[in-house]
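Shown next, in structure tokens, is the structure this report addresses.
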DNA sequence: TCCCATCCGTTAGAAGTTCTAACCCATCGC
DNA sequence: GCGATGGGTTAGAACTTCTAACGGATGGGA
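Residue numbers (the numbering used here), protein chains in the order written: chain S, 4 to 214; chain P, 4 to 214.
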């Protein structure tokens, strides 16, 4: 304990206040969406007045960035533990759907409409690669070569260090976009008027992705 | 011309101002997203001060609703004219992609993250059904029965008047969600870090949807 | 042609928001 | 105990949406 291995009381308090603010932010986002998130309202819910929160978050964007980071982290961990428990590709896909349905706004925060000016920080792309790797590990490379896989064979810098063959990369992309296609339209309420069950559609798409 | 078959000059002026306001709104939305749309800024761009626009739009939501309506209308017309020109399913899909890439925020306005409280008006769902019908007409019912098609056979109230068989309905949903899956992730910038071409992925998914 | 109602645009202002500045005071380390 | 650090406060600027009250122009009926 010569130096900064343990945290000071101030740092602990600071982390606690930040965490509590993020909790309130999640509640607010779940009910009113990310665009209606108010730093002022959060501060008042915590019993302190307006600008006090600016000691903890430089601005509204930094708070949202932290929410995005938490969402990414949560998804990455959820998928990683599922994979560690022996879940196959179908299990991971259903884990993803469960995670998304548990908090639609959380899913849409990372995969929904982005703010045009907003630029995601470096570490979120790292977590994104982590998620991709978890899914990629479950992708079976038994699929035949396609125009997509041959294209990815020469355009794979994003997964340069992952040993998956180009057919697995192609499989991963089709998995990702197909599941996201069903999930995002379901979460956005575009199936709400219709009386069918989106889960059947999800399972139908999932079935096309299994060996 | 006994009564209201032609428009009065006032009505024409009113429609013109509304149209100009919507033009500025589209410009604003294209650069800063729908959440950053400012009624005040639009008014000032038009040379009039703040609250004047409230003579033309009851509130911000009504203006956004009108934008959503225009977007739906534009997509429906674009697909309808493509279909009238003899476009097949592949042609319609590529028309959709072109339309989406022409103005990403316009696509995301209708298919992206919704505002939780917001309720779409009746006529937009009518246009949505119009779009579905155009695509449905191009869906070949040659696909075999699947769990999804049997489910849709008994849950098709949303397309009750359309004569398509359940296999075509299933085909339509897989088409919709697969294309949207690629497009929405591409428009949201989730492929931007990677160096591959989203069009290849789009064409790959499209190929799986053709007979 | 005149006149009046309707409608348009204005300014003022309330209630929000984000965020900065200045100040006070508690806490923490030396 | 003393001083620096940092948290919380209020004030205030610059925004936003939206309402209210007031002018003035326009357009249709007598």
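The C-beta atom is built at its ideal place from N, Cα and C for all residues, glycine as well.
Around the C-beta of residue 30(P), fewer than 16 other C-beta atoms lie within 10 Å, and the residue is accordingly described as exposed.
In terms of Cβ geometry, residue 114(P) and residue 38(P) do not form a close pair [threshold 9 Å]. Assigned with DSSP and collapsed to three states, residue 68(S) falls in helix. Assigned with DSSP and collapsed to three states, residue 83(S) falls in helix. Inside the region 104–172 of chain S, DSSP marks no whole beta strand (DSSP E) run of 3 or more residues. At least one beta carbon of chain P lies nearer than 9 Å to the beta carbon of residue 197(S).
By the neighbour-count definition (other C-beta atoms within 10 Å, threshold 16), residue 89(S) is an exposed residue. Where residue 27(P) is concerned, the enclosing alpha helix (DSSP H) starts and stops at 12–35. Taking the CA atoms as reference points, residue 83(S) sits about 8 Å from residue 134(S). Flagged as an interface residue toward chain P: residue 200(S), by a C-beta distance shorter than 9 Å.
Two segments are said to touch when three or more pairs of C-beta atoms, one from each, lie closer than 8 Å; by this definition the region 53–64 of chain P touches the region 18–34 of chain P. Taking the Cβ atoms as the reference, residue 130(P) lies roughly 6 Å from residue 76(P), within the contact range of under 8 Å.
Per the coordinates, the alpha-carbon of residue 48(S) lies some 8 Å from the alpha-carbon of residue 27(S). Annotated three-state conformation of residue 53(S) is helix, per DSSP.
The beta carbon of residue 98(P) sits closer than 8 Å to the beta carbons of 81, 82, 85, 90 from its chain, once the five residues preceding and following it are set aside; these are given in chain order.
A Cβ-Cβ distance of about 7 Å is found for the pair residue 92(S) and residue 212(S), placing them in contact under the 8 Å criterion. When 9 Å is used as the limit between beta carbons, residue 44(S) is near no residue of chain P, the shortest such separation being about 15 Å. At least 9 Å separates the beta-carbon of residue 73(S) from that of residue 138(S). Between residue 167(P) and residue 140(P), the gap from beta carbon to beta carbon is short of 9 Å.
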